[in-house]
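Numbering (the numbering used here), first residue to last: 1 to 462.
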């Protein structure tokens with residue numbers, strides 16, 4: 001005869017079964033019911049009073065936030081809310097207040113279920129409307145083409161936070177530095193949530209979509225040259241025109257695998273020129289450029305964003321005919337003082353002849369004399385200068401020369417060796433575009449990471 005189960009065992013099984021059913025009932029989320037969220041933004045942008053020594057006031061402003069909510073399964077946009085800065089309260093967070101948090105003071109309507117959230121900060125009205133209703137792929141995998149035609153700024157991402165083309169005075173026009181989530185946040189939104197818990201209370205990390213660049217001279221810059229080098233300036237070249245709104249986890253931009261012709265803005269020399277800051281120039285008076293990220297698979301020169309430094313150049317001596325007529329009696333050196341009046345100004349043309357297998361250089365104010373001198377030296381080469389020369393160097397050598405959003409690349413020139421290549425008023429091809437910078441570079445760089453994820457460069461121009 002079968003033995004009857006004892007009563008305590010049956011009771012225990014019933015309790016466990018009821019418990020499992022209850023837990024399943026509690027955790028089951030019904031899709032699409034009205035609910036609310038409280039959003040917290042974490043950003044490197046801080047009020048000026050919170051001491052970000054490497055940020056201008058315009059770079060830290062918080063105007064508004066666009067909250068985009070997507071169905072996690074389909075990627076379709078379900079909700080979009082545009083909130084003013086007044087809808088958030090701020091408080092410092094992180095060691096040394098390296099970050100700042102903004103928490104919404106009002107609840108944001110949403111629907112229950114598995115959701116993804118992306119936040120954009122300081123979007124223009126036009127951009128907010130453009131992204132309204134777009135699927136998540138528009139934010140994460142569809143390249144966006146920036147308008148860099150003026151060679152100055154990226155208006156969509158900085159709100160005209162560039163400097164006036166014709167002035168050295170910083171001119172910030174309603175700066176609105178666009179920031180986006182570092183990654184889409186995935187969470188399960190519940191009905192009637194406990195806002196003290198994680199559900200329905202996401203913390204979203206945002207970052208500026210641009211990198212920041214400045215160039216300065218070291219306190220004791222060393223110039224080794226047979227020419228007078230003055231009036232240093234700089235500009236960015238080969239600026240990426242393609243970007244994603246949300247940076248991929250691997251930080252690869254749309255041009256990472258290759259860089260098709262036209263996807264980099266070269267710019268003529270007159271576009272985007274910045275005056276060179278000296279080591280003791282007050283931070284608020286320095287000239288900055290803002291640039292989209294640019295990453296490459298092969299990190300070849302022709303694919304990388306780089307800095308072009310220009311200067312007025314004047315030989316200390318030029319060669320003239322001994323007899324004043326031709327080279328029959330040889331050549332002599334004529335010295336010039338450092339006076340711009342005697343030289344003729346920064347746009348005076350001169351010619352440089354390299355001879356003796358490139359070991360010697362001679363300078364000429366008359367092309368005929370330069371031609372005669374070159375003809376007398378086998379293998380000599382002649383180069384024309386318009387009174388300006390330039391050098392190039394690349395950013396972020398410790399990370400394959402990638403330029404990344406929300407980084408600040410602070411470049412310091414410590415040494416100039418010789419004069420650079422002739423400067424031109426039209427875009428010119430970068431030397432050796434199919435080689436990596438490390439293959440034939442004359443720039444030495446040290447990198448230090450500070451605020452803005454700042455990268456500090458000590459640079460030698462040769």
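We treat Cβ as the ideally placed atom computed from N, Cα and C, and that holds for glycine.
Checklist line | Nonlocal neighbours in the same chain, by C-beta distance under 6 Å from residue 25, ignoring five residues either side | finding: Locating residue 25 in the chain shown gives position 25, counting from the first residue. Confidence at residue 25 is low in this model, with a pLDDT of 41, below 50, so its placement is unreliable and the value that follows should be read with caution. No residues qualify anywhere along the chain.
Next item on the list: Just grab the DSSP bridge partners of residue 186 for me.
Entry: One-based indexing of the chain shown puts residue 186 at position 186. Note: residue 186 sits in a beta bridge opposite 116.
Next item on the list: Return yes when the Cβ of residue 35 is within less than 8 Å of the Cβ of residue 463, no when it is not.
Entry: Summary: the structure shown does not reach residue 463, with the chain confined to residues 1 through 462, and so no result is reported for it.
Notebook entry, point to check: Near residue 112, which residues of its chain fall below 7 Å by C-beta distance, leaving aside the five closest residues on each side in sequence?
Noted result: Taking the chain shown and counting its residues from 1, the one referred to as residue 112 is at position 112. Excluding positions up to five away in sequence, the list reads 29, 30, 31, 32, 33, 35, 189, 190, 191.
Notebook entry, point to check: Between residue 320 and residue 349, what straight-line distance do the alpha-carbon atoms span, to the nearest angstrom?
Noted result: Counted from its first residue, the chain shown places residue 320 at position 320. Counted from its first residue, the chain shown places residue 349 at position 349. The alpha-carbon atoms of residue 320 and residue 349 are separated by roughly 15 Å.
Item checked: Alpha carbon of residue 283 to alpha carbon of residue 54, nearest angstrom -> Your numbering for residue 283 matches position 283 in the chain shown. Your numbering for residue 54 matches position 54 in the chain shown. So the two alpha carbons sit approximately 8 Å from each other.
Notebook entry, point to check: So what does DSSP say about residue 88, is it helix, strand or coil?
Noted result: One-based indexing of the chain shown puts residue 88 at position 88. It is a strand residue.
Notebook entry, point to check: Can you tell me whether DSSP reads residue 370 as helix, strand or coil?
Noted result: Residue mapping note: residue 370 aligns to position 370 of the chain shown, counting from 1. Here residue 370 sits in helix by DSSP.
Check: Can you tell me where the alpha helix (DSSP H) with residue 158 in it begins and where it stops?
Finding: Taking the first residue of the chain shown as 1, we reach residue 158 at position 158. Where residue 158 is concerned, the enclosing alpha helix (DSSP H) stretches over 155-158.
Next item on the list: Spell out a yes or no on whether the stretch 296-310 and the stretch 222-240 are touching, meaning 3 or more CB-CB pairs, one atom from each, closer than 8 Å.
Entry: yes
Check: Tell me the DSSP bridge mates of residue 229?
Finding: Sequence index remark: in the chain shown, residue 229 carries index 229 (1-based). According to DSSP, which records beta bridges pairwise, residue 229 is partnered with 313.
Checklist line | Option in 359, 356, 381 with minimal Cα separation from residue 367 | finding: Reading the chain shown from its first residue, position 367 is the one you call residue 367. Among 359, 356, 381, the Cα nearest to that of residue 367 is on 381.
Item checked: Beta-carbon proximity list for residue 232, same chain, < 6 Å, skipping 5 on both sides -> Here residue 232 refers to the residue found at position 232 of the chain shown. These residues qualify, in order along the chain: 276, 311.
Item checked: Neighbourhood of residue 75 by C-beta, 7 Å cutoff - its chain only, sequence neighbours within 5 removed -> On the chain shown, residue 75 is found 75 positions in, with the first residue counted as 1. Excluding sequence neighbours, residue 75 sits near 135, 136, 137.
Next item on the list: Could you check what DSSP says for residue 305 in three-state terms: helix, strand or coil?
Entry: Indexing the chain shown from 1 puts residue 305 at position 305. Note: residue 305 maps to coil in three-state DSSP.
Check: On the three-state DSSP scale, how would you describe residue 130?
Finding: Residue numbering aside, residue 130 sits at position 130 when the chain shown is read from its first letter. Residue 130: helix per DSSP, three-state reduction.
Notebook entry, point to check: Which runs of the beta strand (DSSP E) fall wholly inside the stretch 391-448 and span at least 3 residues, in chain order?
Noted result: 408-417
Next item on the list: Kindly indicate which three-state DSSP category residue 521 falls into: helix, strand or coil?
Entry: With the chain covering 1 to 462 only, the question about residue 521 has no answer from this structure.
Notebook entry, point to check: Taking C-alpha atoms, which residue in 322, 256, 422, 141 lies nearest to residue 269?
Noted result: Mapped onto the chain shown, residue 269 falls at position 269. It is 422.
Next item on the list: Report the rounded CA-to-CA distance for residue 78 versus residue 116, giving the unit in angstroms.
Entry: Taking the chain shown and counting its residues from 1, the one referred to as residue 78 is at position 78. Taking the chain shown and counting its residues from 1, the one referred to as residue 116 is at position 116. Their backbone Cα atoms lie some 10 Å apart in a straight line.
Notebook entry, point to check: What are the boundary residues of the alpha helix (DSSP H) that residue 139 is part of?
Noted result: On the chain shown, residue 139 is found 139 positions in, with the first residue counted as 1. Residues 136-140.
Check: In whole angstroms, what separates the C-alpha of residue 72 from that of residue 119?
Finding: Within the chain shown, residue 72 is the residue found at index 72, counting from 1. Within the chain shown, residue 119 is the residue found at index 119, counting from 1. Rounded to whole angstroms, residue 72 to residue 119 spans 15 Å at the Cα level.
Next item on the list: Would you list the one or two residues that DSSP bridges to residue 351?
Entry: For this step, residue 351 is matched to residue 351 along the chain shown. Paired residues: 364, 384.
Next item on the list: Give the DSSP-derived three-state secondary structure of residue 124 in the structure shown.
Entry: Here the question's residue 124 lines up with position 124 in the chain shown. Of the three classes helix, strand and coil, the one that applies to residue 124 here is coil, per DSSP.
Next item on the list: Flag this pair as yes or no: are the beta carbons of residue 221 and residue 413 separated by less than 8 Å?
Entry: Position 221 of the chain shown, counted from the first residue, corresponds to residue 221. Position 413 of the chain shown, counted from the first residue, corresponds to residue 413. Yes.
Check: CB of residue 193 to nearest heavy atom of the ligand COA: below 7 Å?
Finding: This structure simply doesn't include the ligand COA, nor any ligand for that matter.
Next item on the list: Below 8 Å on the Cβ atoms is my guess for residue 62 versus residue 85; work out the distance and round it to an integer in Å.
Entry: To locate residue 62, count along the chain shown from 1; it is residue 62. To locate residue 85, count along the chain shown from 1; it is residue 85. 5 Å between Cβ atoms; contact.
Checklist line | residue 214: first and last residue of the uninterrupted beta strand (DSSP E) it sits in | finding: Indexing the chain shown from 1 puts residue 214 at position 214. Run containing residue 214: 210-224, per the beta strand (DSSP E) assignment.
Notebook entry, point to check: Between which two residues does the beta strand (DSSP E) harbouring residue 181 extend?
Noted result: Translated into positions along the chain shown, residue 181 becomes position 181. Taken as a continuous stretch (DSSP letters only), the beta strand (DSSP E) holding residue 181 covers 179-181.
Check: Which of the three DSSP states, helix, strand or coil, is assigned to residue 168?
Finding: Residue 168 sits at position 168 when you count from the first residue of the chain shown. Reliability of the predicted coordinates at residue 168 is poor, the pLDDT of 45 falling under 50, and the value obtained from them is presented with this limitation in mind. Three-state DSSP puts residue 168 in coil, outside helix and strand.
Notebook entry, point to check: Roughly how many angstroms lie between the CA atoms of residue 183 and residue 81, to the nearest whole one?
Noted result: Taking the first residue of the chain shown as position 1, residue 183 is located at position 183. Taking the first residue of the chain shown as position 1, residue 81 is located at position 81. Distance between the alpha carbons of residue 183 and residue 81 is about 18 Å.
Margin query: According to DSSP, is residue 109 part of a helix, a strand, or is it coil?
Written below: Numbered from its first residue, the chain shown carries residue 109 at position 109. Residue 109: strand per DSSP, three-state reduction.
Notebook entry, point to check: Would you report the Cα separation of residue 326 and residue 214, rounded to the nearest angstrom?
Noted result: By 1-based counting over the chain shown, the position of residue 326 is 326. By 1-based counting over the chain shown, the position of residue 214 is 214. One C-alpha to the other measures close to 48 Å.
Next item on the list: Can you give me the start and stop residues for the beta strand (DSSP E) that residue 241 sits inside?
Entry: Within the chain shown, the letter at position 241 stands for residue 241. Residue 241 -> no beta strand (DSSP E), and no H or E assigned at all.
Check: Rounded to a whole number of angstroms, what is the C-alpha to C-alpha distance between residue 323 and residue 363?
Finding: Here residue 323 refers to the residue found at position 323 of the chain shown. Here residue 363 refers to the residue found at position 363 of the chain shown. Cα to Cα, residue 323 sits roughly 18 Å from residue 363.
Item checked: Three-state secondary structure assigned by DSSP to residue 335 -> Position 335 of the chain shown, counted from the first residue, corresponds to residue 335. Residue 335 falls in the strand class under three-state DSSP.
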